Amino acid sequence: MDVINSFLQNGTWGPFRDFLDLMSLPPERIKEWLSFLIAFMILCELTRLALATVFTRSVLAHVIRCLLTFAVQAVVLAAILVWADYRHPGRGWINLGVAALMYVIWYLAGQLVLLARPDTEGADLGFMTVGALITFPVGIIAAIV
Amino acid sequence: MHFHKAISVKIFRYLCLLTALANAGGNLGMLLFYKPILHLVGAPLPKDLANFAFVAGFSFTVGVLAFMVFLAPYKTVPLLVVGIVGKAIYAFFSFYFYYHGQLHPFYMIFGWWDAVYTVIFFLFLIQLVSPDLTVLNRGDILDGVDRPRTRKALFIYFSMTGNGSRAMKRVREGLESRGYSVAEKICEPNETLFHFPFSLLVFIRIMLRAIFRVPTTVKPLDIPDNHPYDLVVVESQTWFVGMSAPVEAVFQDPKNKGIFAGRDVAAVNVCRGLWQRPQAQLVRWLEGVGGHMVGARAYENPGHEPIRCFSLFFFLGSGVPGKPAFLKNILTTQHIGPEAEAELVTFGQALADRKTAVTPGVPLSLLPHRATA
């Protein structure tokens, strides 16, 4: 029992707490969260496009691709905008600009794939706009309230 | 669909060779000369030499992996996935510890290198997977199976809003202009759910089922295994990033396997914009039931995004095109354009004129390439 207690007590949530702090977009750590968000948007889009032609009967692959079409990115960005405004009030409008930049990165990542494969969809500006209709109203409300 | 120029496999291969040399050679160099190198760049000596050696060894392994991809890219696709994960994690931790002041800026050369290569590997992966679909989308018509031609074709499809039947009408036109007769079998779902126009609730049900790939069933097609058709063309729309449930139901019923087994088959996809996965699903099903792929075409509805996407939502919501009336001038059409229709006529003609295979499924012009792939 002592071994288990010791094991649990010496564990750490440090990296996760730090990550949550980072996702509040603190002004003193701009380079960090900007790098992370850019990587997140690029990886989501590349994963979506990589799943286009493979695992065609996999429900999991299909659900992941559906979610990555717009929902994951849009909801995550919306949640970050709310969290960031809660932790650092007064930066709501700046953070909306950051979110807009992430949408540009998202689009560019999708279009980048056109360089690699001659028969691909590239970025889906239509569903990205649907995503924007989730992210930005939430962000605007967070900035105003 | 748009078929554009892309970076060649050769360039991606040489990029793999570059990182193979950098990873394998660089890490060997680091292990041998870490003292003078770190002194030169002003970085401190590693506190934990064992861990330093472990990381260098791991990075060397990724170099070997990249070299194997360089040697035989089409045979080492899963290695690229491992490379993506490895390089992404390495880049992530490099940035993380650098920002926390625990890593000398010198090591960020490797962090940036791996971040860039994560993207390069991803792009190469996307290029390498399903190369047969690229051949089909290029417009090639593959040679058919070596069996007597009856000049009879069978169409199997399900069209809820009429876009699919419009497309198939054009393929039929092409086939008939080359002496084919065409019979059609429309999939009739056993569930009444799949109808149009529909209510919001029905739309949500269809959407959720499409996302989670919940199967449905269709009424028996009543086509015997020894049917007279030498060509079977199947059409499917995109329903939430995947092929439509009633068409998939045809393949999910083992009784229908004989319709396709050993026959020339072709795929047609029409949609708002996301055609790639539904096409791959349809082609893989056709191959899975023993069909011999000879051609595939996918077309998007005309118009620019995002209005094309919202035009579709308005159409699905109202049940008629051009609604709401005050947006009539900017809403896009809900069917493929004249250019696509003309191409589908040509597609039908090309299918009718397809050659008989020497090597089934592979046009002669592609044989040397396929041999190395």
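As you go down the protein sequences, you meet chains A and B in turn.
Just so you know, the working numbering puts 373 at position 100 of the first sequence, and the rest follows in order with no gaps.
Just so you know, the working numbering puts 274 at position 266 of the second sequence, and the rest follows in order with no gaps.
Note that beta-carbon positions come from the ideal geometry of N, C-alpha and C, so glycine has one too.
Here the structure is a predicted model, which means the values were calculated and not measured.
- With a cutoff of 8 Å on beta-carbon distance, D397/A and T342/A are scored as near each other.
- Closest by C-alpha distance to H312/B, out of P286/B, Q342/B, T224/B, is Q342/B.
- A Cβ of chain A is located within less than 8 Å of the beta carbon of W283/B.
- With 16 or more other CB atoms across the displayed protein chains lying within 10 angstroms of its CB, G299/B is buried.
- Contact with chain B is found for G399/A, since one of that chain's Cβ atoms lies less than 8 Å from the residue's Cβ.
- Counting only residues of its own chain and dropping the five nearest sequence neighbours on each side, G345/B has a CB closer than 7 Å to the CB of P310.
- In this structure, V273/B and V226/B do not form a Cβ contact; the two beta carbons are roughly 18 Å apart against a cut-off of 8 Å.
- Residue contact with chain A for A288/B: present (Cβ-Cβ distance below 8 Å to some residue of chain A).
- With respect to chain A, the C-beta atom of L46/B has no partner C-beta closer than 8 Å.
- Listed along the chain, the chain A residues whose CB falls inside 8 Å of the CB of I219/B are H335, V336, C339.
- Below 8 Å, too few C-beta pairs join the region 127-144 of chain B and the region 156-175 of chain B to call them touching: fewer than three.
- Within the region 9-37 of chain B, M9, H10, F11, H12, K13, A14, I15, F20 place their CB atoms closer than 9 Å to a CB of chain A, listed in sequence order.
- Assignment of Q245/B by DSSP, reduced to helix, strand and coil, places it in the strand class.
- In this chain, A51/B is not harboured by any beta strand (DSSP E), its DSSP state being neither H nor E.
- Legend: CB atoms of the region 372-397 of chain A lying less than 8 Å from CB atoms of chain B belong to residues L385, V386, L387, L388, A389, R390, P391, D392, T393, E394, D397.
- Residue pairing by DSSP places T364/B opposite G152/B in a beta bridge.
- The contact set of L293/A on chain B, defined by CB atoms closer than 9 Å, is empty, because the minimum CB distance reaches about 15 Å.
- Taking C-alpha positions only, V291/B is separated from A99/B by approximately 37 Å.
- For R330/A, the closest C-alpha among the options M301/B, S102/B, G327/B, P286/B is that of P286/B.
- For T364/B, same chain residues with a beta-carbon under 7 Å away, outside a window of 5 residues either side, are D151, G152, D154 in chain order.
- Only exposed fits Y359/A, as fewer than 16 other CB atoms lie within 10 angstroms of its CB.
- In the structure shown, K336/B falls within a coil segment according to DSSP collapsed to helix, strand and coil.
- Chain order gives no chain A residues near S252/B, where near means a beta carbon separation below 9 Å; the closest approach is about 13 Å.
- Annotation: T408/A has no Cβ neighbours in chain B at a cutoff of 7 Å; minimum Cβ distance is about 14 Å.
- Contact between I194/B and F166/B holds: their C-beta atoms lie close to 7 Å from each other, under 8 Å.
- Not a single C-beta of chain A is nearer than 8 Å to the C-beta of L111/B.
- Within chain A, the residues placing a beta-carbon under 7 Å from that of L133/B are A323, ordered along the chain.
- When only Cα atoms are considered, Y125/B and I45/B end up about 23 Å apart.
- Contacts with chain B at 8 Å (Cβ-Cβ) include L319/A.
- In the DSSP assignment, H312/B forms no beta bridge with any residue.
- In this structure the region 297-311 of chain A lies against the region 350-359 of chain A, because at least three pairs of beta carbons, one per stretch, are closer than 8 Å.
- Taking a Cβ-Cβ cut-off of 8 Å, the neighbours of N145/B in chain A comprise P391, D392, given in sequence order.
- Judged by beta-carbon spacing, L369/A lies within the 8 Å limit of I413/A, meaning their Cβ atoms are closer than that value.
- Listed along the chain, the chain B residues whose CB falls inside 8 Å of the CB of V332/A are F220, R221.
- In this structure, DSSP gives F163/B an extended state, which the three-state scheme calls strand.
- Within 7 Å of the CB of F248/B, the CB atoms of chain A belong to C339, in sequence order along the chain.
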